[in-house]
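Quick notes on the structure that follows.
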Amino acid sequence: GENVEQHPSTLSVQEGDSAVIKCTYSDSASNYFPWYKQELGKRPQLIIDIRSNVGEKKDQRIAVTLNKTAKHFSLHITETQPEDSAVYFCAASILKGGTYKYIFGTGTRLKVLA
Amino acid sequence: NAGVMQNPRHLVRRRGQEARLRCSPVKGHSHVYWYRQLPEEGLKFMVYLQKENIIDESGMPKERFSAEFPKEGPSILRIQQVVRGDSAAYFCASSSSENTEAFFGQGTRLTVV
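Same order as they appear, the protein sequences are chains A and B.
Per my numbering, residue 2 is the first one in the first sequence, and the count goes up by one each step.
Per my numbering, residue 850 is the first one in the second sequence, and the count goes up by one each step.
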């Protein structure tokens with residue numbers, strides 16, 4: 002199938018706390034999972050990605066974990082700051098007709114409260 | 850990723866007119882994706898193109914919508930006889946190959962009046 006589910010739809014955390022966003026996908030052939038951050042009125046920007054041959058990837062305060070067996074992956078933001086407030090989208094590469102395309106989750110609106 | 854250029858940034862059309870949205874991918878990228886985004890909603894896949902080929906158009910309405918990515922020049926998303934429900938932000942993204950980082954343009958905000 003071509004389905005990527007994302008939870009929660011909204012998330013509020015206190016500055017300095019951690020935030021976790023979870024996604025599940027349905028296509029077992031998916032092998033590339035990027036995360037995008039979109040600020041109000043702006044373009045989505047890639048913040049981190051992971052491939053199916055690794056289980057975890059970290060870049061400073063941001064980490065992504067992947068469980069291929071369960072078909073879910075998560076974004077972890079530690080020591081959140083007000084500038085982390087944005088909408089975050091997960092995506093998965095979906096194989097169809099021999100080619101891959103990116104299907105996005107429905108987004109999580111993160112608010113970091115000062 | 851500032852290399853993906855979309856124009857116009859804002860487009861206002863009256864019902865029944867045609868809208869043409871342009872996307873110039875990052876130099877050297879041959880894969881282009883178009884997405885539609887309604888306010889407060891996610892990115893809905895429309896079409897995936899490679900140079901001169903439509904790879905997957907399963908997310909694009911069969912009527913009034915068309916897309917192309919010619920050998921030379923930008924990718925074009927064309928909406929004929931626009932209706933109010935076509936009002937949305939349309940984003941394109943490009944990548945150098947399948948399953949690699951896709952970079953987004955700034956989007957075209959279409960308003961149908």
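Glycine included, every Cβ here is placed at the ideal spot set by N, Cα and C.
ARG933 of chain B in three-state terms, based on DSSP:
The residue labelled residue 933 of chain B in the question sits at position 84 within the second sequence. Residue state, collapsed to three classes: helix.
Assigned secondary structure, ILE18 of chain A (DSSP; H/G/I helix, E/B strand, else coil):
Looking up residue 18 of chain A in the first sequence gives position 17. Correcting the residue identity first, residue 18 of chain A is Asp in this sequence and not Ile. Three-state result, ASP18 of chain A: coil.
Using DSSP's beta-bridge definition, name the partner residues of GLU6 of chain A.
By one-based count along the first sequence, residue 6 of chain A stands at place 5. Note: GLU6 of chain A sits in a beta bridge opposite A:THR25.
Min CB distance LEU47 of chain A to chain B below 8 Å:
As a first step, residue 47 of chain A must be located in the first sequence, where it is residue number 46. Judged by the 8 Å Cβ criterion, LEU47 of chain A is in contact with chain B.
Which residue or residues does DSSP assign as beta-bridge partners of GLU57 of chain A?
Within the first sequence, the letter at position 56 stands for residue 57 of chain A. Beta-bridge pairing links GLU57 of chain A to A:THR66.
Report the residue from A:SER53, A:GLY98, A:CYS24 and A:GLY108 whose alpha carbon sits nearest the alpha carbon of SER86 of chain A.
To locate residue 86 of chain A, count along the first sequence from 1; it is residue 85. When each option's Cα is compared against that of SER86 of chain A, the closest is A:GLY108.
For LYS90 of chain A, decide whether its Cβ has a neighbour in chain B, counting only Cβ atoms nearer than 8 Å.
Counting from 1 along the first sequence, the entry for residue 90 of chain A is found at position 89. Contrary to the premise, residue 90 of chain A reads as Phe rather than Lys in this sequence. It does: the Cβ of PHE90 of chain A has a partner Cβ on chain B nearer than 8 Å.
Partners in chain B for SER94 of chain A, counting only beta-carbon separations shorter than 7 Å:
On the first sequence, residue 94 of chain A is found 93 positions in, with the first residue counted as 1. Here the neighbours are ASN948.
Please go through the same chain and pick out, in chain order, the residues whose beta-carbon is closer than 6 Å to the beta-carbon of ASN850 of chain B, but skip the five residues on each side of it.
For the purposes of this step, residue 850 of chain B is identified with residue 1 of the second sequence, where counting begins at 1. Confidence at ASN850 of chain B is low in this model, with a pLDDT of 45, below 50, so its placement is unreliable and no value can be given for it.
Beta-carbon contacts of ASP1 of chain A that lie in its chain and below 7 Å, excluding the five residues immediately before and after
The question about residue 1 of chain A has no answer here: the residues shown for chain A are numbered 2 through 115.
Chain A contacts from the segment 891–915 of chain B (Cβ-Cβ distance under 7 Å)
GLY891, LEU892, PHE894, TYR897, ILE904 and ASP905
With distances taken from CA atoms, which of A:ASN68, A:ARG62 and A:CYS91 is nearest LEU892 of chain B?
Start at 1 with the first residue of the second sequence, and residue 892 of chain B comes out as number 43. Nearest option by C-alpha distance: A:CYS91.
Have a look at PHE914 of chain B and ARG958 of chain B and give me their C-alpha separation to the nearest angstrom.
In the second sequence, counting from the first residue as 1, residue 914 of chain B sits at position 65. In the second sequence, counting from the first residue as 1, residue 958 of chain B sits at position 109. Computed Cα separation, rounded: 16 Å.
Bridge partners - LYS112 of chain A, DSSP secondary structure assignment:
To locate residue 112 of chain A, count along the first sequence from 1; it is residue 111. Beta-bridge pairing links LYS112 of chain A to A:SER13.
Could you give the residue range of the beta strand (DSSP E) that holds ASP50 of chain A?
Position 49 of the first sequence holds residue 50 of chain A. Per DSSP, ASP50 of chain A belongs to the beta strand (DSSP E) from 46–52.
From the beta carbon of ASN32 of chain A, is the nearest beta carbon of chain B less than 8 Å away?
Reading the first sequence from its first residue, position 31 is the one you call residue 32 of chain A. Yes, ASN32 of chain A lies at the interface with chain B (some Cβ there is under 8 Å from its Cβ).
Taking SER31 of chain A as the reference, give the member of A:LYS23, A:ALA20 and A:ILE51 with the closest Cα.
Taking the first sequence and counting its residues from 1, one reaches residue 31 of chain A at position 30. Out of A:LYS23, A:ALA20 and A:ILE51, A:ILE51 has the C-alpha closest to the C-alpha of SER31 of chain A.
As assigned by DSSP and simplified to three states, the class of PRO919 of chain B:
On the second sequence, residue 919 of chain B is found 70 positions in, with the first residue counted as 1. In this structure, PRO919 of chain B counts as coil in the three-state DSSP scheme.
With a cut-off of 8 Å, does the C-beta of ASP28 of chain A fall near any C-beta of chain B?
Position 27 of the first sequence, counted from the start, is the residue given in the question as residue 28 of chain A. Chain B contact via Cβ: absent.
So which of A:GLY56, A:ASN68, A:LYS72 and A:GLU80 has the shortest CA-CA distance to ARG62 of chain A?
Residue mapping note: residue 62 of chain A aligns to position 61 of the first sequence, counting from 1. It is A:GLU80.
Please report the Cβ distance between PHE34 of chain A and ALA71 of chain A, rounded to the nearest whole angstrom; I am assuming they are in contact, meaning their Cβ atoms lie under 8 Å.
If you number the first sequence from 1, residue 34 of chain A lands on position 33. If you number the first sequence from 1, residue 71 of chain A lands on position 70. Contact doesn't hold; Cβ gap of about 13 Å is too wide.
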